[in-house]
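The listed protein sequences derive, respectively, from chains Y and S. Following the numbering used here, the numbering of the first sequence begins with 1 at its first residue and continues without gaps. Following the numbering used here, the numbering of the second sequence begins with 1001 at its first residue and continues without gaps. Quick reminder that beta carbons are idealized off the backbone N, C-alpha and C, glycines included. Note sheet for the following structure.
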Amino acid sequence: MAREKKVEHYDVVIIGGGPAGLSAAIYTGRARLKTLLLEKSLIGGLATYTNEIANYPGFPTAPKGEAITNLMKDQAKSMGVDFKLTAVSTVDLTGEEKIVETFRNKYIAKSVIIATGGRPRTTGAENEEKYLFDKGISFCATCDAAANTDKTVVVIGSGDAAIEEGMFLTRFAKKVIVSVMHDEGIMDCNEIAKEAALANDKMEFVWNTVVSRFEGEEHLDTVVLKNIKSGEEIPVKCDNCFEFIGYLPNTELFEGQLDLTRQKYIPVNDKKETKLEGVFAIGDVTEKWLKQIATAVGDGAIAGTAAEKYIAEKEIFENKIMQSEKPGLVYVYNAIDAPSREFLGTIEKIEKEQAGAICVNRIDTYKSNGLAVMLKLDQVPAIVITREGKITEKIYTLDEAAIKKAL
Amino acid sequence: MKEVMLDCYGEACPVPLVKAQNKIKELEVGDVLIVQIDHSCAMKNVPEWARKEGYNVEVEEIDDGEWEVIIEKSK
Chain Y
1 MAREKKVEHY
11 DVVIIGGGPA
21 GLSAAIYTGR
31 ARLKTLLLEK
41 SLIGGLATYT
51 NEIANYPGFP
61 TAPKGEAITN
71 LMKDQAKSMG
81 VDFKLTAVST
91 VDLTGEEKIV
101 ETFRNKYIAK
111 SVIIATGGRP
121 RTTGAENEEK
131 YLFDKGISFC
141 ATCDAAANTD
151 KTVVVIGSGD
161 AAIEEGMFLT
171 RFAKKVIVSV
181 MHDEGIMDCN
191 EIAKEAALAN
201 DKMEFVWNTV
211 VSRFEGEEHL
221 DTVVLKNIKS
231 GEEIPVKCDN
241 CFEFIGYLPN
251 TELFEGQLDL
261 TRQKYIPVND
271 KKETKLEGVF
281 AIGDVTEKWL
291 KQIATAVGDG
301 AIAGTAAEKY
311 IAEKEIFENK
321 IMQSEKPGLV
331 YVYNAIDAPS
341 REFLGTIEKI
351 EKEQAGAICV
361 NRIDTYKSNG
371 LAVMLKLDQV
381 PAIVITREGK
391 ITEKIYTLDE
401 AAIKKAL
Chain S
1001 MKEVMLDCYG
1011 EACPVPLVKA
1021 QNKIKELEVG
1031 DVLIVQIDHS
1041 CAMKNVPEWA
1051 RKEGYNVEVE
1061 EIDDGEWEVI
1071 IEKSK
């Protein structure tokens, strides 16, 4: 049944349509790069799981996450970004051409930005698999709250998401029972949420507990909690259960091609570069201290700009610096260094003497060292000599005689 | 290999998912089910469920806030 995959070329392919990916798309789209954003389900990512976003600057009315990400999507669309709602099946990011495949298409890109984010972590308790999504276990209060009107729900966890979404659920459900791992009164969430939750009479807390197993005929009807101190089992009758116990990074696709941290996050530098040239990673999938919409869009801006620079430099590198028509002289210097600046005069003199027989390029690394990296230089200033598009010599001293000899 | 349209416009979670699950049981391997939805919550659980079942899934955005989830019953 294998059918021929349709092949399409892009400058940038962004994997993941959460705030980080959308922000990167806005930047690359605006830089007039042909950009494709791939999202496996809903544009907006995990932000759409949140009913109120109170701390994203510029939105004082605390709108739904989806309201904010829909605006980001409109903005990216107006920049000419293509969207495709499908899952990525495989990637090959190791070559010059980056290959991203979906079940029907093969995309070839100059640069790839990984913004695959995370997915809700599950408890791993007995029978959990049986009740996921529509059979009683949910990860999205915003999605499923209305279906729980006048019902009893169990919330697992005590972080910001658990408590804030739990309080949102009290607007619909008649009772919200929260299983907290810690001692009475201790929660992982912020103080404001904690106070409000403790004062909310629809909320009930079961301290020192984790989930032991899930029970029910077709649909979940009981969550059996276990007291971690006494070992006692506490069956809690409920209609649905919401789990908010953190996230796991979506990095399975990249295993073996990118290095991952022990927790399977992608390490990046301050330009959001991974260890593979032309491959960037941003947002919740990267190892970072704070995972918020505000930090995700910042990551996206950096990676979008870095990808643009990378593609531009790559083009200059291939078409100008590594030209094969004439012997080449490449002077790589940093304009803030006075002796390097002065040596520009000597370079000009050599260029005149050669009277068009050689091709001279000058690269100032002050703003970006991308080309110096592509030339694999140990230090700057440096003079690189090329013949027929290949590097024949690297000179790390500003020595006119040595250059002339090498030419 | 036939294609079946399932109209879930105007329906909120979990109705589109339940309808899709019931409908796909009637289909044969190789058939394609197209679920039409306009509730964004269904954009999370319908594709997620279908991928978990091992089916091929692709989503088309038909209009602002209207989607077609294309599910190929691949096994």
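Item: How would you label Y/G300, buried or exposed, when you count the other beta carbons within 10 angstroms and need 16 or more for buried?; Value: buried
Item: Let's see if you can read the secondary structure: which residues bound the beta strand (DSSP E) around Y/T61?; Value: It is not in any beta strand (DSSP E) - Y/T61 carries neither H nor E in the DSSP assignment.
Item: Does any C-beta atom of chain S lie closer than 8 Å to the C-beta of Y/L38?; Value: no
Item: Three-state secondary structure (DSSP) at Y/I358?; Value: coil
Item: Using a Cβ-Cβ cut-off of 7 Å (strictly less than) and excluding sequence neighbours within five positions of Y/M1, which residues of its own chain qualify?; Value: Low per-residue confidence applies at Y/M1: pLDDT is 46, beneath 50, and the placement is therefore not dependable, though the value from the model is reported in the following sentence. Answer for Y/M1: no residue qualifies.
Item: Below 8 Å, how does it come out for the stretch 1006-1013 of chain S and the stretch 380-393 of chain Y: are there three or more Cβ pairs, yes or no?; Value: no
Item: Ignore the nearest five residues each way along the sequence and tell me which others in Y/T222's own chain have a CB closer than 8 Å to its CB.; Value: F214, E215, G216, P235, V236, K237 and C238
Item: For the stretch 202-211 of chain Y against the stretch 174-187 of chain Y, do three or more pairs of beta-carbon atoms, one drawn from each stretch, fall closer than 8 Å, so that the two count as touching?; Value: yes
Item: Residues of chain Y with CB under 9 Å from S/A1050, in chain order?; Value: Ordered by position in chain Y, no residue passes the 9 Å Cβ test against S/A1050, which lies about 10 Å from the chain.
Item: Taking the alpha-carbon of S/D1038 as reference, which of S/Y1055, S/G1065, S/E1053 and S/L1027 has the nearest alpha-carbon?; Value: S/G1065
Item: Please confirm whether S/N1045 has its beta-carbon closer than 8 Å to some beta-carbon of chain Y.; Value: yes
Item: In angstroms with no decimal places, state the Cα-to-Cα distance between Y/G45 and Y/G16.; Value: 8 Å
Item: Let's test the definition: count the other Cβ atoms within 10 Å of the Cβ of Y/G256 and tell me whether it reaches 16, buried, or not, exposed.; Value: exposed
Item: If you reduce the DSSP assignment to three classes, tell me which class S/I1062 lands in.; Value: strand
Item: Would you call the stretch 251-266 of chain Y in contact with the stretch 83-95 of chain Y, where contact means no fewer than 3 C-beta pairs closer than 8 Å?; Value: yes
Item: For chain S, find out if any of its Cβ atoms is closer than 8 Å to the Cβ of Y/R462; answer yes or no.; Value: Residue 462 of chain Y is absent from the model: chain Y starts at 1 and stops at 407.
Item: DSSP has Y/A109 in a bridge; who is on the other side?; Value: Y/Y10 and Y/K98
Item: Could you round the C-beta distance between S/V1059 and Y/T149 to whole angstroms and report it? I think they count as a contact, below 8 Å.; Value: So it is not a contact: roughly 29 Å between Cβ atoms.
Item: Interface residues of chain Y around S/N1056 at Cβ under 7 Å?; Value: F103
Item: List the residues of chain Y that S/E1003 touches, going by C-beta distances under 7 Å, in chain order.; Value: Within chain Y, no residue comes near S/E1003; the closest Cβ sits about 15 Å away, beyond 7 Å.
Item: Looking at the structure shown, is Y/V180 part of a helix, part of a strand, or coil, going by DSSP?; Value: coil
Item: Taking Y/T386 as the reference, which of Y/I113, Y/P267 and Y/G328 has the closest Cα?; Value: Y/G328
Item: What did DSSP end up calling Y/A301 once you bin it into helix, strand or coil?; Value: helix
Item: To which residues does DSSP link Y/N227 through a beta bridge?; Value: Y/T209
Item: Between Y/K194 and Y/I163, what straight-line distance do the alpha-carbon atoms span, to the nearest angstrom?; Value: 7 Å
Item: Just the Cα atoms here: how many angstroms apart are Y/R362 and Y/Q323?; Value: 14 Å
Item: Which residues of the stretch 1013-1045 of chain S have a Cβ closer than 7 Å to any Cβ of chain A? Give them in chain order.; Value: Any reference to chain A falls outside this structure, whose protein chains are Y and S.
Item: I need the DSSP call for Y/C143, collapsed to helix, strand or coil.; Value: helix
Item: Exposed or buried, what is Y/E165 when buried is set at 16 or more other beta-carbons lying within 10 Å of its beta-carbon?; Value: buried
Item: Distance check for S/D1031 and Y/S158, CA to CA, integer angstroms please.; Value: 44 Å
Item: Within the continuous alpha helix (DSSP H) that includes S/K1023, where are the two ends?; Value: V1015 to E1026
Item: Going along chain Y, which residues have a C-beta under 7 Å from S/E1066?; Value: The contacting residues do not exist; S/E1066 stays about 12 Å from chain Y at best.
Item: Quick one, which of S/N1045, S/K1044, S/W1049 and S/I1071 has its alpha-carbon nearest S/V1057's?; Value: S/I1071
Item: Beta-carbon separation of Y/I156 and Y/T123 under 8 Å?; Value: yes
Item: Can you tell me which of the three DSSP states Y/Q292 falls into?; Value: coil
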